[in-house]
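Take the sequence shown: its position 33, counting from 1, is numbered 127 in my numbering, and each next residue is one higher. Cβ atoms here follow ideal geometry from the backbone N, Cα and C, with glycine treated the same way. Here the structure is laid out as structure tokens; the discussion comes afterwards.
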Amino acid sequence: MIGSLLKKSLSEVKFEELKGKGFELILVVEMLCELCEKPLDARKKFLRKIQILSREDHQNILNRARVHDRAEVDIEDGKIYFYDRDFPGDIHPECIEKL
Ligand SMILES: [Zn+2]
95 MIGSLLKKSL SEVKFEELKG KGFELILVVE MLCELCEKPL DARKKFLRKI
145 QILSREDHQN ILNRARVHDR AEVDIEDGKI YFYDRDFPGD IHPECIEKL
């Protein structure tokens with residue numbers, strides 16, 4: 095499971111906390127199990143680097159986040175993660191056993 099205690103939901107972080115900082119935008123596609131819908135695996139893809147200097151920059155990133163399943167920011171690490179979900183047609187071995 096991808097997740098860190100340092101990550102916060104992007105929508106909960108105020109502009110003032112992000113202002114003047116640079117971030118790497120990372121797209122994370124979570125591959126979900128067809129049965130339990132929990133992640134089997136995740137693919138990460140670096141998109142680009144951005145800087146949040148103005149409220150407009152902040153709004154742009156919030157707008158972009160809306161098309162994704164969810165968005166998280168790791169302020170210390172300088173990364174913003176956009177999450178999407180995909181069903182690759184696979185099942186956890188332990189879920190197959192339960193069938
Ligand atoms: Zn499963």
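Nearest-angstrom Cα separation, counted from residue j out to residue i
i, j, result
"S148", "E170", "19 Å"
"I190", "E150", "48 Å"
"M95", "E188", "Reliability fails at M95, whose pLDDT of 45 lies under 50, so the model's placement of it is uncertain and the value that follows must be treated cautiously. If I take the Cα positions, the gap works out to 16 Å."
"L134", "H186", "7 Å"
For residue j and residue i, believed in contact at Cβ under 8 Å, the rounded distance
i, j, result
"D184", "E131", "Their Cβ separation, rounded to whole angstroms, is 12 Å, which puts D184 and E131 out of contact at 8 Å."
"D163", "L126", "Actually they do not touch by this definition, with Cβ atoms about 11 Å apart."
"A159", "L104", "5 Å"
Residue from the options whose Cα sits closest to the Cα of residue i
i, options, result
"G116", "D135, E106, H152", "H152"
"Y175", "L134, V161, L193, E110", "V161"
"L141", "H186, P133, V123, S103", "V123"
"G172", "P187, Q145, K138, P182", "Q145"
"E106", "I155, D180, H186, E188", "I155"
"A136", "P187, V167, K192, P182", "P182"
Bridge-paired residues (DSSP) for residue i
i, result
"L119", "R142, I174"
"A136", "E124"
Ligand 1 heavy atom lying under 7 Å from the CB of residue i
i, result
"L129", "yes"
"I174", "no"
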